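First up is the structure itself, then whatever we jot down about it.
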Amino acid sequence: MTSNSELNTFGSVLTFAINLEDTARTFYERLSERDEHHLSMDILKELAEGNRKRRELLERTRREGVVEMILERISGLDRTEYLVNASYAPDEANNLKVAIELEKRMGRFYSDSANKTKFLPEVSRTLEKLARNSAEREARLRSL
Numbered sequence: 207m208t209s210n211s212e213l214n215t216f217g218s219v220l221t222f223a224i225n226l227e228d229t230a231r232t233f234y235e236r237l238s239e240r241d242e243h244h245l246s247m248d249i250l251k252e253l254a255e256g257n258r259k260r261r262e263l264l265e266r267t268r269r270e271g272v273v274e275m276i277l278e279r280i281s282g283l284d285r286t287e288y289l290v291n292a293s294y295a296p297d298e299a300n301n302l303k304v305a306i307e308l309e310k311r312m313g314r315f316y317s318d319s320a321n322k323t324k325f326l327p328e329v330s331r332t333l334e335k336l337a338r339n340s341a342e343r344e345a346r347l348r349s350l
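Throughout the sequence shown, residue numbering follows this note's numbering, covering 207 to 350 in sequence.
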């Protein structure tokens, strides 16, 4: 028996990934609208746009995925390990910490998912690419 928090099919992994991208995009958009701080509005908008593009890539990957693979069983991915409370706070330092943690967990999710989807090489490569991109985004945020 699997836990409700377990991502146990190819389809559930991609749906969760799309939701993560939406969460991150919304967080960055809200920050950019309220950015009276030192966080660069341009960087925040760029990150949000990156999330939109990453979402499109995931949707395309899901559409192009072989239909029977949507139900392919996967184990060892628990969504609770990758969730971040990405809500806006008036404290700039806290928002930066949340953004860094968000990118860190997204990167780990994509890396873990890539390892679990080796049976779909194209999907696995896409997820590895997203993991590398998340690491770059995290490093950029850490440099602020």
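We treat Cβ as the ideally placed atom computed from N, Cα and C, and that holds for glycine.
Values in this document were obtained by computation on a predicted structure and should not be read as measured data.
**Item:** Cβ shell of Leu226 (< 6 Å), same chain only, five flanking positions each side left out
**Value:** Numbered from 1 along the sequence shown, position 20 holds the residue referred to as residue 226. Contacts found: Met312.
**Item:** Contact the segment 287-297 vs the segment 249-256: 3+ CB pairs below 8 Å
**Value:** no
**Request:** Report the option in Lys322, Arg343 and Val304 whose CA atom is closest to the CA atom of Phe233.
**Result:** The sequence position of residue 233 within the sequence shown is 27, counting from 1. Ranking Lys322, Arg343 and Val304 by Cα distance to Phe233 puts Val304 first.
**Asked** To which residues does DSSP link Asp284 through a beta bridge?
**Response** Looking up residue 284 in the sequence shown gives position 78. Per DSSP, Glu212.
**Request:** Kindly indicate which three-state DSSP category Arg258 falls into: helix, strand or coil?
**Result:** What you label residue 258 is simply residue 52 of the sequence shown in a count that begins at 1. Residue state, collapsed to three classes: helix.
**Request:** Look up Arg331 in the DSSP assignment and say whether it is helix, strand or coil.
**Result:** As a first step, residue 331 is located in the sequence shown; it is residue number 125 there, counting from the start. Helix, per DSSP.
**Asked** Mind checking Leu350: buried by the 16 CB within 10 Å criterion, or exposed?
**Response** Stepping through the sequence shown from its first residue, residue 350 is reached at position 144. With fewer than 16 Cβ atoms within 10 Å of its Cβ, Leu350 is classed as exposed.
**Item:** Alpha carbon of Leu220 to alpha carbon of Arg348, nearest angstrom
**Value:** Here residue 220 refers to the residue found at position 14 of the sequence shown. Here residue 348 refers to the residue found at position 142 of the sequence shown. If you take the alpha carbons of Leu220 and Arg348, they lie about 27 Å apart.
**Request:** Below 7 Å CB to CB, which residues in the same chain sit around Thr208 once its five sequence neighbours on both sides are set aside?
**Result:** Mapped onto the sequence shown, residue 208 falls at position 2. The pLDDT assigned to Thr208 is 48, lower than 50, so where the model puts this residue is not dependable; a value taken from the coordinates is nonetheless given after this. Same-chain partners within the cutoff: Asn214.
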